[in-house]
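Asks: Once you've had a glance at the structure underneath, I'll fire off some questions.
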Amino acid sequence: MSDAVSFRPMTAADIETVLKIEYAAFSHPWTRGIFTDALTAYECWVMFEGEQQVGHGVINVILDEAHLLNITVKPQSQGHGLGLRLLEQLMQRAQERGGRECFLEVRASNTSAYRLYERYGFNEVGRRRGYYPSAEGREDALVMACTLID
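Following this line, the structure appears as structure tokens:
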């Protein structure tokens with residue numbers, strides 16, 4: 001990472017770039033409608049490296065429980081610590097909103113994301129069979145949880 005990393009709340013004006021990143025990163029990306037709905041229902045953030053938008057994330061906090069719904073880093077920017085920076089930002093926001101524990105689902109085949117979550121302190125707590133669509137039909141999700149500490 002050569003440029004400074006910064007974050008700000010996502011706005012409707014960000015959705016075009018968010019979708020470009022999302023579609024480049026995933027075989028089954030979130031749609032414009034999902035992001036539009038998320039803007040009104042959840043906490044959505046965009047991440048910049050210098051002036052370039054390189055990632056985004058969505059969290060939901062209900063009472064003391066947070067759920068990481070989406071975290072995405074532009075494929076060309078992966079492997080440089082940006083995913084961890086974005087995850088740290090989202091977990092900090094979850095704590096600030098009263099979250100004491102965070103849950104997430106990750107594709108069983110997404111080993112790089114799984115390792116990122118483990119590095120942060122998430123542990124596998126379950127499996128949702130056939131949770132995600134895939135080219136072969138359906139794929140399991142691994143459920144992970146992390147205690148958020150002040």
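Numbered according to UniProt numbering, the sequence shown spans residues 1 to 150.
The C-beta atom is built at its ideal place from N, Cα and C for all residues, glycine as well.
1) Would you check if there are 3 or more beta carbon pairs closer than 8 Å linking the segment 71–81 to the segment 23–39?
2) Once you ignore the five residues that flank V125 on each side, which residues in its own chain have a CB closer than 6 Å to its CB?
3) Can you check DSSP and say which residues form a bridge with Q53?
4) Does the pairing of the segment 78–89 with the segment 44–57 give three or more beta-carbon distances under 8 Å?
5) Could you please give the first and the last residue of the uninterrupted beta strand (DSSP E) stretch that includes M144?
6) To the nearest angstrom, report how far apart R119 and M91 are at their CA atoms.
7) Could you say which of L69, Y117, R128 lies nearest to E88 if we only look at CA atoms?
8) Tell me the rounded alpha-carbon separation between M1 and E51.
9) Where does M1 fall in DSSP's three states?
10) Can you grab the Cα-Cα spacing for the pair Y131 / T111, in whole Å?
Replies: If we stick to the structure as given:
1) yes
2) V143, A145
3) F48
4) yes
5) 137–147
6) 13 Å
7) Y117
8) Unreliable positioning characterises M1 in this predicted model, as indicated by a pLDDT of 46, which lies under 50. The coordinate reading is nonetheless provided below. Cα to Cα, M1 sits roughly 13 Å from E51.
9) With a pLDDT of only 46 at M1, under 50, the local geometry of the prediction cannot be trusted, and no value is derived from it.
10) 16 Å
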